[in-house]
Amino acid sequence: MDSVFGIVIFSVVGISGVIAIGTFIFGGAPPHSTIGGNAFVPSVNDPGVETPDMREDDVRQMLEARNRRRIARGESPQDIDAELRDLLSAPAEPVDDAEVRAEVEAMVAARHARRRRRGRPEGDFAAEVEELLGRISRP
Numbered sequence: 017m018d019s020v021f022g023i024v025i026f027s028v029v030g031i032s033g034v035i036a037i038g039t040f041i042f043g044g045a046p047p048h049s050t051i052g053g054n055a056f057v058p059s060v061n062d063p064g065v066e067t068p069d070m071r072e073d074d075v076r077q078m079l080e081a082r083n084r085r086r087i088a089r090g091e092s093p094q095d096i097d098a099e100l101r102d103l104l105s106a107p108a109e110p111v112d113d114a115e116v117r118a119e120v121e122a123m124v125a126a127r128h129a130r131r132r133r134r135g136r137p138e139g140d141f142a143a144e145v146e147e148l149l150g151r152i153s154r155p
């Protein structure tokens with residue numbers, strides 16, 4: 017009886033090993049390329065995924081949740097539609113705050129220091145600062 021058990025164990029381990037090697041060799045895309053992906057939900061990093069309707073729906077949900085919390089605290093509810101119109105129609109304000117500029121300059125200075133330590137060219141400090149500030153101020 018012991019010999020049959022050993023044969024079954026070794027055959028199962030052997031067959032699963034062959035399957036594992038075959039999957040590794042002929043498996044297709046590397047497994048790390050699909051980490052964090054979901055076939056049913058579009059990637060957040062894809063450009064153009066967020067439509068204006070999706071944005072409006074998200075903002076409406078947040079306003080409704082805030083309104084429910086206000087009501088739970090005993091405060092008066094606010095007009096969600098009016099607030100939604102105000103939020104979505106407001107133009108994006110350009111970012112030119114001195115604190116933000118100082119933080120961006122510190123970040124670029126740290127990036128340049130890392131490049132200098134690695135022996136790489138640093139690049140144009142002012143151009144990088146302006147590029148980052150431009151990225152921040154875009155809606």
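Numbering (the numbering used here), first residue to last: 17 to 155. Heads up, the beta-carbon is just placed ideally off N, CA and C, and yes, glycines get one too.
Distance CB(Glu121)-CB(Arg131) smaller than 7 Å: As a first step, residue 121 must be located in the sequence shown, where it is residue number 105. As a first step, residue 131 must be located in the sequence shown, where it is residue number 115. Against a cut-off of 7 Å, the Cβ pair of Arg131 and Glu121 comes out as no contact.
Assigned secondary structure, Pro155 (DSSP; H/G/I helix, E/B strand, else coil): Start at 1 with the first residue of the sequence shown, and residue 155 comes out as number 139. A caution first: Pro155 carries a pLDDT of 49, below 50, which makes its placement in the model unreliable, though a value can still be read off. Reduced to three states, the DSSP call for Pro155 is coil.
Burial state of Leu148 (16 or more Cβ within 10 Å): As a working note, residue 148 is residue 132 in the sequence shown. So Leu148 ends up on the buried side.
Contact belief for Glu72 with Leu104 at Cβ below 8 Å, rounded distance in angstroms: For this step, residue 72 is matched to residue 56 along the sequence shown. For this step, residue 104 is matched to residue 88 along the sequence shown. The Cβ separation is near 6 Å, so the contact holds.
Glu67 versus Arg84 - alpha carbon distance: The residue labelled residue 67 in the question sits at position 51 within the sequence shown. The residue labelled residue 84 in the question sits at position 68 within the sequence shown. The displayed chain sequence assigns Thr, not Glu, to residue 67. Roughly 26 Å separates the two Cα atoms.
Other residues of its chain near Leu79: CB distance less than 7 Å, five sequence neighbours each side excluded: Here residue 79 refers to the residue found at position 63 when the sequence shown is read from its first residue. For Leu79, where only same-chain residues beyond five positions count, the Cβ hits under 7 Å are Ile96, Glu99 and Leu100.
Closest Cα partner of Gly150 within the set Arg76, Asp113, Gly135 and Ala125: Start at 1 with the first residue of the sequence shown, and residue 150 comes out as number 134. Checked all of Arg76, Asp113, Gly135 and Ala125; the closest Cα to Gly150 is Asp113.
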